[in-house]
Amino acid sequence: MKLKKAVLNSILTQGMLPLFFYEDVEVSLQIIRTLYSAGVRVMEYTNRAKPAFENFKMLRKAVDKEMADLYLGIGTIKNISDAEAFVDAGADFIVAPTINPEVGKVARKHKLLWIPGCMTPTEIYAAQIHGAELVKIFPANVVGPAFISAVKEIFPGILFMPTGGVDLTPENIGGWFNAGVSAVGMGGKLISKDVLNNKLYEQLHTDTVKAIELIKAAKPAL
């Protein structure tokens, strides 16, 4: 339970959850090192392709050795077998694009934070009754900040994190936090294919620092 609370607090304090997947594990590790050097202390590696599991195990070892205060979670977890495998490999938390209550049970069994993906009030309610404290609004670019404003008061106690469609601009990030989100997921708008394929680590460092500053300015004090 201590880990679950620590991860949630870290996401809320950071105000952002960077996420990515890349097949090359060495590039993946350098991306994590770059994010860490820019100030990131919690991030998500996504289970998007076959190499993800072996990559994650190697990344976990490197993080434990080099970045002991970084929480490393796993995303795109849709079934029990993947959830159990990645928990065994050392995932600090579980993120999903959908609501699978059985995945939530795995997280609860291991006392880990589970962040399911939602797009409708019905899905948010389902996530809530199955124990989610923080939900991922996905794809966020489809629903927009107005959706958060409209549903937030209906679900007291639930924290919202839009993912997919969060841009690295004061207007976009400010709009989300003004609508009442607690954090934003930052994927391809921060860790783009160009950054990954061309190893643009300096650009990523600069953009990550910028994102942290924009979020700090936009989000209300805890």
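Numbering (the working numbering), first residue to last: 8 to 229. Built from N, CA and C at the ideal position, the CB exists for glycine as well.
With 16 other Cβ atoms within 10 Å as the buried cut-off, status of residue i
{"i": "residue 164", "result": "exposed"}
{"i": "residue 17", "result": "buried"}
{"i": "residue 226", "result": "buried"}
{"i": "residue 176", "result": "exposed"}
{"i": "residue 53", "result": "buried"}
{"i": "residue 169", "result": "buried"}
{"i": "residue 39", "result": "buried"}
{"i": "residue 161", "result": "exposed"}
{"i": "residue 157", "result": "exposed"}
{"i": "residue 56", "result": "exposed"}
{"i": "residue 104", "result": "buried"}
{"i": "residue 98", "result": "buried"}
{"i": "residue 83", "result": "buried"}
{"i": "residue 153", "result": "exposed"}
Cross-strand partners of residue i (DSSP beta bridge)
{"i": "residue 168", "result": "143"}
{"i": "residue 191", "result": "23"}
{"i": "residue 208", "result": "Beta-bridge pairing links residue 208 to no other residue."}
{"i": "residue 138", "result": "Answer is none; residue 138 lacks a bridge partner."}
{"i": "residue 180", "result": "Residue 180 is not bridged to any residue."}
{"i": "residue 111", "result": "DSSP lists no partner for residue 111."}
{"i": "residue 124", "result": "143"}
{"i": "residue 78", "result": "49"}
Alpha-carbon spacing of residue i relative to residue j, whole angstroms
{"i": "residue 131", "j": "residue 125", "result": "6 Å"}
{"i": "residue 68", "j": "residue 80", "result": "13 Å"}
{"i": "residue 100", "j": "residue 171", "result": "19 Å"}
{"i": "residue 106", "j": "residue 143", "result": "10 Å"}
{"i": "residue 190", "j": "residue 184", "result": "8 Å"}
{"i": "residue 71", "j": "residue 23", "result": "21 Å"}
{"i": "residue 174", "j": "residue 151", "result": "12 Å"}
{"i": "residue 96", "j": "residue 63", "result": "7 Å"}
{"i": "residue 122", "j": "residue 90", "result": "12 Å"}
{"i": "residue 139", "j": "residue 120", "result": "8 Å"}
{"i": "residue 136", "j": "residue 192", "result": "23 Å"}
{"i": "residue 28", "j": "residue 112", "result": "25 Å"}
{"i": "residue 166", "j": "residue 220", "result": "21 Å"}
{"i": "residue 12", "j": "residue 60", "result": "25 Å"}
{"i": "residue 58", "j": "residue 87", "result": "18 Å"}
{"i": "residue 21", "j": "residue 76", "result": "13 Å"}
{"i": "residue 208", "j": "residue 34", "result": "10 Å"}
{"i": "residue 187", "j": "residue 224", "result": "14 Å"}
{"i": "residue 155", "j": "residue 25", "result": "20 Å"}
Heavy atom of the ligand PLP within 7 Å of residue i beta-carbon
{"i": "residue 11", "result": "Among the components of this structure there are no ligands whatsoever, and the ligand PLP is therefore not found."}
As an exercise, report each continuous alpha helix (DSSP H) stretch of at least 4 residues that is fully enclosed by the segment 8–54, in chain order. 9–21 and 32–44
Kindly confirm or deny that the segment 172–187 and the segment 198–208 touch, where touching means at least three C-beta pairs closer than 8 Å. no
Is there contact here, the segment 189–200 with the segment 210–218, by at least three beta-carbon pairs under 8 Å? yes
At 3 residues or longer, what runs of the beta strand (DSSP E) sit wholly inside the segment 81–105? 100–102
Quick check: the segment 40–54 against the segment 108–118, are at least 3 beta-carbon pairs closer than 8 Å? no
The segment 142–161 touching the segment 38–46, judged by at least three CB pairs closer than 8 Å: no
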